[in-house]
Each structure stands twice: as structure tokens, then as C-alpha cells.
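Numbering (the numbering used here), first residue to last: 11 to 396.
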Ligand code: PMV
């Protein structure tokens with residue numbers, strides 16, 4: 011069930027169609043790009059019986075240099091409102107490409123079909139969409155493409171529907187973040203159309219039937235502009251358990267209740283530490299929650315062991331190296347075995363030396379990817395795309 015406010019915005023689009031102020035023709039296009047993100051306080055586990063409501067609030071760092079760029083084009087045309095076809099005359103189509111522009115995928119998964127049908131209701135139920143999306147980062151590099159992918163898709167839709175003309179900036183951000191959330195929870199943290207959304211919180215609110223979420227930018231201290239982010243790519247294989255399955259399994263772990271209670275406690279402290287540039291506090295909270303999420307994953311009925319022996323050894327070496335060299339850096343790990351490192355500018359060179367040593371020490375040489383923060387948040391419309 012969609013939140014009332016989102017239903018009202020969909021209804022507003024329907025009213026615009028009725029007044030001939032919203033028109034979609036075969037071949038009309040929309041274009042946008044959106045960044046990926048890495049969670050510092052993780053979203054792991056959903057409320058049962060709700061559409062994508064997390065069991066705890068989460069916080070992420072926006073990865074402006076790792077982006078999905080998406081074009082949506084219209085297949086079909088509007089029929090008179092009182093003469094709607096029983097079925098959509100066209101099917102949705104999807105082409106996903108990697109950073110080398112090679113086609114990775116060209117099937118629309120059933121989950122995405124439902125998502126697209128819901129996105130077009132009630133204002134364009136007879137239209138189908140042709141989606142072409144390219145990631146600027148390599149596949150299987152430990153950067154979630156579902157976050158940037160769904161955020162770019164809804165942003166391209168916002169361009170197609172020219173929502174900047176019909177909605178206020180607040181309505182636009184709400185529409186983007188809510189639809190991205192419905193597509194993939196973590197995508198909501200990539201969907202804010204605000205230039206300086208370097209840290210984003212996805213906050214859970216209310217109780218029982220009144221549960222909802224808000225996605226908001228954290229007013230970060232200016233010193234965060236100078237940090238660096240690198241990924242040690244240890245394994246490029248697809249995930250053994252999809253994140254949808256993983257969220258479902260989280261509750262089967264006896265440790266999940268403890269992790270969730272701790273995440274509730276940590277959330278305001280993490281926000282404050284980001285606002286104040288308390289780097290060591292952000293590092294402590296991020297590492298604590300990453301360990302907690304992986305403990306939950308490993309103790310679920312069907313365990314996922316991303317924090318395996320190799321990863322554990324690298325983390326231990328990193329902590330030893332950090333203490334010995336007195337560097338300001340921390341690690342985190344998502345639902346995959348690739349380690350993310352975040353460091354202060356003056357610790358960047360030391361982190362590079364550490365990662366270089368790791369590359370030399372491992373039998374299967376991992377690559378190191380570096381994110382460039384310059385490109386920021388969502389960019390809607392062809393003229394603004396990086
Ligand atoms: O958005 P999903 O369903 O792919 O879940 C993302 C889960 C993690 O990446 C492990 C954590 C997070 O908060 O991004």
C-alpha cells in the first residue's frame with residue numbers, strides 16, 4: 011500500500027492528464043543520473059506486511075562518482091480515458107549496461123514489472139517504458155547498482171513527466187525518494203535531488219499501522235568534503251543471497267533484535283558525529299554496525315558469509331596498521347565480500363600503502379576502486395548529466 015501523500019501526488023498527475031497538461035507520446039524521453047551510496051548504519055530487515063519499511067533507520071555516504079545513468083522512453087500512446095485498452099499494448103523493456111557499455115541484462119524482472127506498473131498508475135496505465143541504464147562502475151565491484159539504478163530510473167521518470175513544472179521542490183524530492191524506496195530500500199538514500207546530499211538518513215517514524223519513513227539530507231560539517239573512499243574488490247561474483255531474501259532472513263537470527271535496538275540507539279549519535287565532523291565517532295559506529303549486520307547474516311537460518319576468513323584477516327591487518335600508523339580511516343562491508351574504506355585526506359596516502367600491501371599479499375589480486383565525490387547527487391535532464 012502506497013503512503014497517502016504519494017497516492018495524492020499520483021492523483022495529481024491523473025488530474026493533469028485529464029486537463030491535457032500531461033501528455034506522453036510514443037518516443038518521448040526522460041534522462042537522469044543518480045549516485046550509489048554506502049551505508050554507515052545499515053538497513054537490514056523489513057517490517058512484515060508493509061511496503062519496504064525498514065526495521066531501523068539507516069545512514070549512508072553518497073558515492074557521487076559511482077553512478078547509474080538512465081534514459082526512459084515511452085512505448086505507446088494515451089487512449090481516451092473512457093476507452094482504455096484491457097491490456098497494455100506494449101511490454102516494458104530494459105537494457106542494463108556496464109561501464110564498458112556491454113549489455114549485462116535485457117530482461118525486466120517480475121519485481122520491476124510490478125514496480126513500473128505501479129509507477130504509471132493511475133495517470134498512464136496504457137503506456138509501457140523502454141529503459142536503458144548504464145553504470146559508471148564495474149559490475150560485481152561491491153557497489154550496489156540497485157540503489158543508483160532505481161534512483162536514476164525514478165529521476166528519469168521525473169524528467170519525462172516534467173515534474174519540476176508540476177510539483178514543488180519538496181513534492182519532487184518526496185516523490186523521488188518514496189518511489190526509489192518502493193523499488194529498493196537503499197535507493198531512497200540515492201534519490202534526493204539536492205547538490206550537497208553527501209550524507210543521507212532514511213528515518214523510520216511512527217508505530218504499528220502508522221509506520222512511515224522520511225529520507226533527508228544530513229547537514230554535514232564542511233570538512234567531510236575532503237575525505238576519500240576506496241573499495242577493495244575481493245570477489246566479483248554475484249551475491250549468493252539476494253538482498254530481498256536477506257532482509258527476509260534477518261529475523262531468523264537471534265541477534266537481529268539486539269542489532270536493531272543498538273541501531274536505534276546509534277542513529278542520533280551518528281547524525282551528530284556527521285554534523286560535527288567527529289571522525290572517530292563515525293568510524294566507531296560504522297564498524298560496530300557492520301560487524302553487527304554480518305553477525306546477523308551469519309547466524310540466520312540460511313547464513314550469508316560475506317565476512318569470510320580473508321575479509322576478517324584484512325580487517326584485522328587494517329586495524330593493526332591503523333593503530334601503528336595513527337591514521338584516520340575506517341572500513342565497512344555491505345552484502346558482498348568487498349571492503350569499503352573511508353579516510354581523512356591526510357590519511358589517504360597511508361591507506362593507499364595499506365591497500366597496495368594487501369594487493370601484493372593475496373593470491374587472487376584484488377583491484378582497488380576509487381570514488382570521486384565531485385559529481386554529487388541526482389541530476390535530472392540531459393543538460394545536467396555528467
Ligand atoms: O536496498 P536493498 O534491498 O538492496 O538493501 C541494501 C542492504 C545493504 O546494502 C546491505 C545495507 C544498506 O543499508 O544499504
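For every residue, glycine included, the Cβ atom is placed at its ideal position computed from N, Cα and C. A quick note: this is a predicted structure, and the numbers were derived from the prediction, not measured.
The alpha-carbon separation between residue 53 and residue 300 amounts to approximately 10 Å. For the pair residue 192 and residue 205, the Cα-to-Cα distance works out to about 23 Å. If the five residues before and after residue 321 are omitted, its C-beta is found closer than 6 Å to the C-beta atoms of 347, all from its own chain and listed in chain order. DSSP lists 68, 225 as the beta-bridge partner residues of residue 212. Not one heavy atom of the ligand PMV is found less than 8 Å from the C-beta of residue 226. In terms of CA proximity to residue 16, 190 leads the group 87, 105, 260, 190.
Residue state for residue 152 is assigned as coil, using DSSP reduced to three classes. Residue burial annotation: residue 345 is buried, with at least 16 other C-beta atoms found within 10 angstroms of its C-beta. Bounds of the alpha helix (DSSP H) holding residue 16 are 14-28.
Taken from the Cβ of residue 290, every heavy atom of the ligand PMV lies 8 Å or farther away. Within 8 Å of the C-beta of residue 305 there is not a single heavy atom belonging to the ligand PMV. Residues with their Cβ less than 5 Å from any non-hydrogen atom of the ligand PMV, running along the chain, are 49, 52, 53, 68, 156, 194, 195, 196, 253, 344, 345. The beta-bridge partner set that DSSP reports for residue 380 consists of 240. By the criterion of a C-beta distance shorter than 8 Å, residue 36 is surrounded in its chain by 84, 85, 86, 87, once the five residues flanking it on both sides are discounted.
Exclusion of the five residues before and after residue 303 leaves 52, 54, 269 as the residues of its chain whose Cβ lies within less than 7 Å of its Cβ. Under a 10 Å Cβ-count criterion, residue 377 is classified as exposed, with fewer than 16 other Cβ atoms of the shown protein chains found around its own Cβ. For residue 267, the enclosing alpha helix (DSSP H) covers residues 266-286. Taking all protein chains shown into account, residue 203 has 16 or more neighbouring C-beta atoms within 10 Å of its C-beta and is therefore buried.
Going by C-alpha positions, residue 295 is about 34 Å away from residue 80. Ranked by Cα distance from residue 171, the options 33, 183, 231 are led by 33. Per the C-alpha coordinates, the member of 226, 219, 307, 197 positioned closest to residue 209 is 226.
A distance of 9 Å or more separates the beta carbons of residue 297 and residue 279. Cβ neighbours of residue 106 within its own chain (closer than 6 Å, five residues either side excluded): 114, 115, 143. In the DSSP assignment, the residues bridged to residue 46 are 73.
Contact check for residue 389 and residue 43: beta-carbon distance about 5 Å, within the 8 Å limit, so the pair qualifies. Contact check for residue 82 against residue 131 fails: the beta carbons are separated by 9 Å or more. Residue state for residue 230 is assigned as coil, using DSSP reduced to three classes. Proximity to residue 358 across 222, 137, 239 peaks at 239, based on C-alpha coordinates. Take the alpha-carbon of residue 318 and the one of residue 252: they are about 17 Å apart.
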